[in-house]
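For reference, the structure is listed below as structure tokens.
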Amino acid sequence: MANEQQIQTELVQKFPFLAEKFVIKRERRIFCETAYDHFLEVFGHAVEKMDFKIFATVTGLDEGENLSFLYHLSRLDGTLLNIKTSVSKTNPVLKTVTGWFPGSALYERELVDMFGAKVEGLPDGFRYPLPDSFPKDQHPLRKDWKPEMLPEGAGSIMEEK
Amino acid sequence: MSTDMKVMVPIGPQHPALKEPESFKVMLNGEKIFEVDVRLGYNHRGIEKACEQRSYIQDIYLIERICGICSHSHTTNFVQAVEEIAGIQVPKRGLYIRTIVAELERIHSHLLWLGVAGHEIGFDTLLMYTWRDREVVMDLLAALSGNRVNYGMNTIGGTRRDFTPEQLQEILRTMDVLEDRTKYYIEIASVEPTLIQRLSGVGFLSKEDAMRLGAVGPTGRASGVNYDIRRDDPYAAYSDVQFKVMVNENCDVYGRTLVRVGELMESYSIIRQLVKQMPDGPIAVKAPRRIPVGEAISRYEAPRGEDLHYVKGNGTDKPERVKVRAPTLANLQSVAKSLENNNLADVPITIAAIDPCFSCTDRMIQVDDAVFTWERLRAYGIDWYKSQRGIDFREVKKLPW
Numbered sequence: 000m001a002n003e004q005q006i007q008t009e010l011v012q013k014f015p016f017l018a019e020k021f022v023i024k025r026e027r028r029i030f031c032e033t034a035y036d037h038f039l040e041v042f043g044h045a046v047e048k049m050d051f052k053i054f055a056t057v058t059g060l061d062e063g064e065n066l067s068f069l070y071h072l073s074r075l076d077g078t079l080l081n082i083k084t085s086v087s088k089t090n091p092v093l094k095t096v097t098g099w100f101p102g103s104a105l106y107e108r109e110l111v112d113m114f115g116a117k118v119e120g121l122p123d124g125f126r127y128p129l130p131d132s133f134p135k136d137q138h139p140l141r142k143d144w145k146p147e148m149l150p151e152g153a154g155s156i157m158e159e160k
Numbered sequence: 000m001s002t003d004m005k006v007m008v009p010i011g012p013q014h015p016a017l018k019e020p021e022s023f024k025v026m027l028n029g030e031k032i033f034e035v036d037v038r039l040g041y042n043h044r045g046i047e048k049a050c051e052q053r054s055y056i057q058d059i060y061l062i063e064r065i066c067g068i069c070s071h072s073h074t075t076n077f078v079q080a081v082e083e084i085a086g087i088q089v090p091k092r093g094l095y096i097r098t099i100v101a102e103l104e105r106i107h108s109h110l111l112w113l114g115v116a117g118h119e120i121g122f123d124t125l126l127m128y129t130w131r132d133r134e135v136v137m138d139l140l141a142a143l144s145g146n147r148v149n150y151g152m153n154t155i156g157g158t159r160r161d162f163t164p165e166q167l168q169e170i171l172r173t174m175d176v177l178e179d180r181t182k183y184y185i186e187i188a189s190v191e192p193t194l195i196q197r198l199s200g201v202g203f204l205s206k207e208d209a210m211r212l213g214a215v216g217p218t219g220r221a222s223g224v225n226y227d228i229r230r231d232d233p234y235a236a237y238s239d240v241q242f243k244v245m246v247n248e249n250c251d252v253y254g255r256t257l258v259r260v261g262e263l264m265e266s267y268s269i270i271r272q273l274v275k276q277m278p279d280g281p282i283a284v285k286a287p288r289r290i291p292v293g294e295a296i297s298r299y300e301a302p303r304g305e306d307l308h309y310v311k312g313n314g315t316d317k318p319e320r321v322k323v324r325a326p327t328l329a330n331l332q333s334v335a336k337s338l339e340n341n342n343l344a345d346v347p348i349t350i351a352a353i354d355p356c357f358s359c360t361d362r363m364i365q366v367d368d369a370v371f372t373w374e375r376l377r378a379y380g381i382d383w384y385k386s387q388r389g390i391d392f393r394e395v396k397k398l399p400w
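Written out as structure tokens, the structure is:
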């Protein structure tokens, strides 16, 4: 696991606040956590300076008071770096990473629809994955969301105009 | 480019060239495409949310139904993540069986793709040949698992079915038949001028764009991205076998064809090695019903590319969160790019070239108990096109024919 340890050393040296929450779970699986204030710095450094050139996706998590986001970055050698960050549920604002990876737009749109995150800088485009008639204030992957909360006909193409 | 020459052609969500619903807004200048807008979500079925409300065992069968083709890819990926959280060591024989089924699934998926690609370029003989040969592997999968798709082979801790020595012999015999046929397809792909000329230079995607847009699997590898999860992040029994990763620098649909045909040959070789080295012993270990607190990410090289599953356990028999990133979602973002500067007639084959699977991509559908009468459905369709696309089909009636 020399490769993983080297990544840990480099990241912790550059960003000492990562030291507390840095875990190498197994070969090729690295997890770290940062406050959102520093997230873009860590993400950018990993992409630009450490060769994490593949953005696999971002996983949203409803953790009670906060929404957490786990960004999965990969190297071509299969090493997966998972950077977790959290924002408050009352004002869940993120900045887009489309500047590094234009392909991340759909992953971020998923966070907007399914978790109610606000992603600043996201290019204009269609909703994804929910239909236009789905209520904009309902976010199905939040833990408190139940299908019964949908007004009748919402989210359906059958909606009467 | 004067703006008055621009024409927008809507393709989908329902369109004969698309096998599943998806919507493309293709902006044309004459015959040339200069911009494509993609809209997804028509197949979204809420599977991630549904997984949180079901037990891990129920989830395997739900996840198997994310996709009609790479069903085994999704279940393997899911159980691998759960096994990692629970610290379960799957017996070697179980891993070998998983891997054999995985490669059989890749064979049937790639043969299916080759037929679709032939059909999209008007080479229907290729469709008839490859789909006939695909039946050979479908019959084998049915004999091994009891089903043509949705094999139900995986469970947490291993597999649910063992292979008999006769079945293993049957697998080897089938590989000989398929290899013979695939050699013929390789010959076609290398010498048949209609195929080469129709596909070369179509759907160009540079290596840089493939990386930036996150293309995976054969789509990425045909643009020179030397990346295959089976080699780079090995799982199941892949570290026990030797195989070549097919990479091609053509960066077009022809390259994507060569990568897939080459991968078929590698799959036969992988399966032969696995059958030859097949260890004895149990196929599964008993897994606890409650999975401990923890999280894991599993990756899998599905026929269309990297499939990623994230699973978070909370100590109960139901997961806290299941996240699926299927390969088509990663690849679709490169389609819009690769269509630029192509002709409108290249749209079907370029979309088909990523072997899109929108069920995997979307994972949800809204079911409504309302029933549309024909008149209401027609009126809805006319209204929708008028408001969303600015096309008034009522005008059609006024045309002389």
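Line order of the protein sequences matches chains A and B.
At the far end of the first sequence sits residue 160, using numbering that gives the first Met the number 0, and the numbering has no gaps.
At the far end of the second sequence sits residue 400, using numbering that gives the first Met the number 0, and the numbering has no gaps.
Ideal Cβ positions, reconstructed from N, Cα and C, are used throughout, including at glycine.
Treat the numbers as computed from the prediction; the structure is a model and nothing was measured.
Partner residues on chain B for residue i, Cβ-Cβ distance less than 8 angstroms
{"i": "residue 53/A", "result": "210, 213, 226"}
{"i": "residue 123/A", "result": "Those within 8 angstroms of residue 123/A in chain B number zero; the least Cβ separation is about 10 angstroms."}
{"i": "residue 143/A", "result": "The premise fails here: residue 143/A is roughly 12 angstroms from chain B at the closest Cβ pair, so nothing lies under 8 angstroms."}
Beta-carbon neighbours of residue i, restricted to chain A and to distances below 8 angstroms
{"i": "residue 307/B", "result": "55, 56, 71"}
{"i": "residue 391/B", "result": "Going along chain A, no residue has its Cβ under 8 angstroms from residue 391/B, so there is no contact; the nearest lies around 16 angstroms."}
{"i": "residue 86/B", "result": "Within chain A, no residue comes near residue 86/B; the closest Cβ sits about 11 angstroms away, beyond 8 angstroms."}
{"i": "residue 43/B", "result": "128, 129"}
{"i": "residue 179/B", "result": "None at all; the shortest Cβ gap to chain A is about 34 angstroms."}
Buried versus exposed, by CB contacts within 10 Å (16 or more), residue i
{"i": "residue 92/A", "result": "exposed"}
{"i": "residue 393/B", "result": "exposed"}
{"i": "residue 363/B", "result": "For residue 363/B, the predicted structure reports a pLDDT of 41, less than 50, and the residue's modelled location is therefore unreliable. The matter cannot be settled from this model."}
{"i": "residue 25/A", "result": "exposed"}
{"i": "residue 18/A", "result": "exposed"}
{"i": "residue 248/B", "result": "exposed"}
{"i": "residue 36/A", "result": "exposed"}
{"i": "residue 112/B", "result": "buried"}
{"i": "residue 56/B", "result": "exposed"}
{"i": "residue 238/B", "result": "exposed"}
{"i": "residue 152/B", "result": "buried"}
{"i": "residue 137/B", "result": "buried"}
{"i": "residue 134/B", "result": "exposed"}
{"i": "residue 171/B", "result": "exposed"}
{"i": "residue 175/B", "result": "exposed"}
{"i": "residue 376/B", "result": "exposed"}
{"i": "residue 13/B", "result": "exposed"}
Test item: CB-CB of residue i and residue j under 7 angstroms
{"i": "residue 224/B", "j": "residue 245/B", "result": "no"}
{"i": "residue 95/B", "j": "residue 236/B", "result": "yes"}
{"i": "residue 7/A", "j": "residue 21/A", "result": "yes"}
{"i": "residue 23/B", "j": "residue 10/B", "result": "yes"}
{"i": "residue 38/A", "j": "residue 84/A", "result": "yes"}
{"i": "residue 330/B", "j": "residue 348/B", "result": "no"}
{"i": "residue 111/A", "j": "residue 95/A", "result": "no"}
{"i": "residue 304/B", "j": "residue 216/B", "result": "yes"}
{"i": "residue 283/B", "j": "residue 156/B", "result": "yes"}
{"i": "residue 79/B", "j": "residue 309/B", "result": "no"}
{"i": "residue 143/B", "j": "residue 166/B", "result": "yes"}
{"i": "residue 267/B", "j": "residue 72/B", "result": "no"}
{"i": "residue 30/B", "j": "residue 343/B", "result": "yes"}
{"i": "residue 123/B", "j": "residue 76/A", "result": "no"}
{"i": "residue 108/B", "j": "residue 316/B", "result": "no"}
{"i": "residue 202/B", "j": "residue 252/B", "result": "yes"}
{"i": "residue 52/A", "j": "residue 210/B", "result": "yes"}
DSSP bridge partner residues for residue i (one or two, in chain order)
{"i": "residue 9/B", "result": "24/B"}
{"i": "residue 295/B", "result": "310/B"}
{"i": "residue 318/B", "result": "312/B"}
{"i": "residue 70/A", "result": "57/A, 82/A"}
{"i": "residue 323/B", "result": "308/B"}
{"i": "residue 32/B", "result": "27/B"}
The ligand ATP heavy atom lying under 6 angstroms from the CB of residue i
{"i": "residue 386/B", "result": "Because no ligand of any kind appears in the structure shown, any question about the ligand ATP cannot be addressed here."}
Beta-carbon neighbours of residue i, restricted to chain A and to distances below 9 angstroms
{"i": "residue 320/B", "result": "58, 59, 60, 61, 140"}
{"i": "residue 47/B", "result": "113, 139, 140"}
{"i": "residue 40/B", "result": "112, 125, 126, 127, 128, 129, 130"}
Neighbour list for residue i in chain B, Cβ cutoff strictly below 7 angstroms
{"i": "residue 90/A", "result": "Within 7 angstroms Cβ-Cβ: nothing; residue 90/A doesn't reach chain B, min ~22 angstroms."}
{"i": "residue 81/A", "result": "296"}
{"i": "residue 76/A", "result": "231"}
Interface residues of chain A facing residue i [CB-CB closer than 7 angstroms]
{"i": "residue 132/B", "result": "Ordered by position in chain A, no residue passes the 7 angstroms Cβ test against residue 132/B, which lies about 33 angstroms from the chain."}
| said: To be precise: take each residue of the segment 96 to 108 of chain A, compare its Cβ to all Cβ atoms of chain B, and keep it if any distance is under 9 angstroms. Which residues remain? | reply: From the segment 96 to 108 of chain A, only 99, 100, 101, 102, 103, 104, 105, 106 have a Cβ closer than 9 angstroms to chain B.
| field | Where the segment 325 to 348 of chain B meets chain A: residues whose CB sits under 8 angstroms from a CB there | value | Near chain A, meaning a CB-to-CB distance below 8 angstroms, the residues of the segment 325 to 348 of chain B are 328, 329, 331, 332, 333.
| query | Looking at chain B, which residues of the segment 34 to 53 of chain A have a Cβ within less than 8 angstroms of any of its Cβ atoms? | reply | Of all residues in the segment 34 to 53 of chain A, 52, 53 have a Cβ within less than 8 angstroms of some Cβ in chain B.
| chain A contacts from the segment 275 to 297 of chain B (Cβ-Cβ distance under 7 angstroms) | Answer in chain order: 296.
| field | Where the segment 229 to 254 of chain B meets chain A: residues whose CB sits under 7 angstroms from a CB there | value | Along the segment 229 to 254 of chain B, going in chain order, the ones with a CB nearer than 7 angstroms to a CB of chain A are 231, 232.
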